[in-house]
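One structure is given here, and the rest of the page talks about it.
Residue numbers (this note's numbering): 392 to 985.
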């Protein structure tokens, strides 16, 4: 009798235990990245058809001349499967989208420099532990494949395997598509039809197709005509030039107004913040801005706003950088327009500093770019930028804004509300210069609702130690602190009649969000400036409402220029067509391609 198969349907109990345990281990491994991150799981969980195919090959080649080849192939396949799942989950955590390999390869170089910048003995220990973990996973995979091959000799085990196949393939091929199982994948949606990817293989295929589409789009832009709408702005000559603040609050997203544990305290926070501005003579209006990214990559959000082009891909941003390096070509953007109108343009980006392989670039030609090493900060480190935002903002005001009576444009990319919200809140000092007198950080994990200036959050949120709170509440407290810093500065030091655009750079990472929108607020002590925003549909006050419109990020360039032109005329003109052209969807990205 052949020793290759045990034809009896029954199998010893320990054989069944080993068979089920090995299959369970091999099937579960590819799901671990999704289980450990917010990335949506396959609707077929815990079924993994790729593991089913690879394991079946090992079972049916056992004790044949192909057995070793099948095990090696299955091991390699499982390794690639797990590697892809780790890659896709990592991309999702960082960007809240699925992987697009052609795009994601652009980050490898920057990521390697970032790792070198962070390298320490702790990072080295983590790297060693990670390598040990990879070795352990490899050992488990080898054991699992040997076990399914050995136990699969029994007829009962093979019958169970056949039953799984008979249930799996109709589910994957017929039932899943018919019932539209699984969430819609917005990354791979290229038409009006809803796209769903339910298995690792279909995700990888969709990734490849999205990469090809992206490459084709970039190639086509080199020969596409350039929309010259923004060239018309060069003919403007503004007489009334209010100072302008563009305040992009890190991770300030619309999820604050939707998340079940954040909505009520956020709305209370904004109502009280609104009342403070109103009491100090500020007019307010609110909308939402649709950002091209989620959870990170704020430089793409910034580029979309300043250039009036939707910059949703790093590859397109790289093209813009190349075009900016060409001295014979001037890409139109908001900073260049305001510079031409006589504004002193100042950028405050405290988290920007020289890193190995990552030079600092004044990409938008600000008159005064202010980065981390320009702040003369000698105090202890508070978070990612060392200097807290209260210090950075007031230092920049006293150094670059207050000394001159000329109108200015300040772009401030805040830092205090940056994830992971695990380094504690910086204190708010009566005198911002005292930060440089401190010798060690005095974080404030317990600022209560009665602190001054108030953070406008209830004691139930501010009383617990922030380090012990769940991620959403830590996030809320950092945003509330950031809004306090900006509120107090604007009320105290902003020149009369200034125009303020306050918005988020993207939705927060680590917290689920339904869309890519962020709150967009327009504030000024000049009622006519806010009235022009209201004519665009902005709702009264700082609290977003269902009636608050959604403006695309790339449309804000033309919106702001049009608002300034209308304000320059003193009243709202009856003939709106005489104003500069409004581009609510921006212009095609061929504008940015060299």
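Ideal Cβ positions, reconstructed from N, Cα and C, are used throughout, including at glycine.
Using DSSP bridges, identify the partner residues of residue i.
i	result
residue 804	639
residue 941	679
residue 735	799
residue 740	762
residue 674	915
Once DSSP output is grouped into helix, strand and coil, what is the label at residue i?
i	result
residue 891	strand
residue 936	coil
residue 745	coil
residue 575	coil
residue 631	coil
residue 406	helix
residue 478	helix
residue 964	Summary for residue 964: the model assigns pLDDT 49, below 50, so the residue's position carries little reliability, and this model does not support an answer.
residue 915	strand
residue 710	helix
residue 840	Because the pLDDT at residue 840 is just 46, under 50, the model does not fix this residue reliably, and the point stays unresolved.
residue 910	strand
residue 930	strand
residue 703	coil
residue 902	coil
residue 778	coil
residue 598	helix
residue 809	coil
residue 613	coil
residue 686	coil
residue 884	helix
residue 392	The pLDDT assigned to residue 392 is 41, lower than 50, so where the model puts this residue is not dependable; a value taken from the coordinates is nonetheless given after this. Coil at residue 392, not helix or strand.
residue 785	helix
residue 831	coil
residue 976	coil
residue 985	coil
Mind checking whether the beta-carbon of residue i lies closer than 8 Å to any heavy atom of the ligand ZN?
i	result
residue 857	Only the bare structure without any ligand can be found here, which leaves the ligand ZN out of the picture.
Tell whether a beta-carbon distance below 9 Å holds between residue i and residue j.
i	j	result
residue 893	residue 557	no
residue 466	residue 448	no
residue 770	residue 732	no
residue 471	residue 955	no
residue 807	residue 817	yes
residue 826	residue 860	no
residue 911	residue 674	no
residue 776	residue 755	no
residue 923	residue 907	no
residue 597	residue 586	yes
residue 677	residue 933	yes
residue 554	residue 848	no
residue 641	residue 805	yes
residue 787	residue 766	yes
residue 410	residue 543	yes
residue 890	residue 635	yes
residue 534	residue 413	yes
residue 522	residue 657	no
residue 686	residue 425	no
residue 417	residue 469	yes
residue 753	residue 747	no
residue 408	residue 536	no
residue 632	residue 798	yes
residue 935	residue 720	no
residue 865	residue 812	yes
residue 430	residue 483	yes
residue 884	residue 785	yes
residue 858	residue 815	yes
residue 882	residue 671	yes
What are the boundary residues of the beta strand (DSSP E) that includes residue i?
i	result
residue 345	Because the chain spans 392 through 985 in this model, residue 345 falls outside it and cannot be assessed.
If you follow the alpha helix (DSSP H) that residue i is in, where does it begin and where does it stop?
i	result
residue 489	Element bounds for residue 489: n/a, residue is neither H nor E.
residue 450	440 to 451
residue 851	850 to 853
residue 690	689 to 698
residue 569	567 to 570
residue 950	947 to 959
residue 651	Premise fails: residue 651 is in no alpha helix (DSSP H) and is neither H nor E.
residue 424	423 to 427
inquiry  = Taking 8 Å as the cut-off, does the stretch 853 to 867 touch the stretch 875 to 892 (at least 3 CB pairs, one atom from each stretch)?
reply    = As far as the Cβ criterion goes, the stretch 875 to 892 does not touch the stretch 853 to 867, which means the pair count is below three.
Cβ contact check for the stretch 490 to 497 and the stretch 428 to 438: 3 or more pairs under 8 Å = By the criterion of at least three beta-carbon pairs nearer than 8 Å, the stretch 490 to 497 is not in contact with the stretch 428 to 438.
Inter-stretch contact at 8 Å, needing at least 3 Cβ pairs: the stretch 699 to 712 / the stretch 727 to 734 = Judged by Cβ distances under 8 Å, the stretch 699 to 712 makes no contact with the stretch 727 to 734, as fewer than three pairs qualify.
inquiry  = Quick check: the stretch 711 to 723 against the stretch 971 to 985, are at least 3 beta-carbon pairs closer than 8 Å?
reply    = The stretch 711 to 723 and the stretch 971 to 985 touch, with three or more beta-carbon pairs separated by less than 8 Å.
query = Looking at C-beta atoms only, is the number of pairs between the stretch 938 to 957 and the stretch 650 to 667 that lie closer than 8 Å three or more?
reply = With a cut-off of 8 Å, the stretch 650 to 667 and the stretch 938 to 957 do not count as touching, because too few Cβ pairs lie within range.
query = Would the stretch 612 to 625 and the stretch 900 to 919 be scored as touching if the rule is three or more Cβ pairs under 8 Å?
reply = The answer is no - the stretch 900 to 919 does not touch the stretch 612 to 625, with fewer than three Cβ pairs under 8 Å.
request  = Check whether the stretch 971 to 982 touches the stretch 681 to 701, taking contact to mean three or more Cβ pairs, one atom from each stretch, closer than 8 Å.
outcome  = Touching, per the Cβ criterion.
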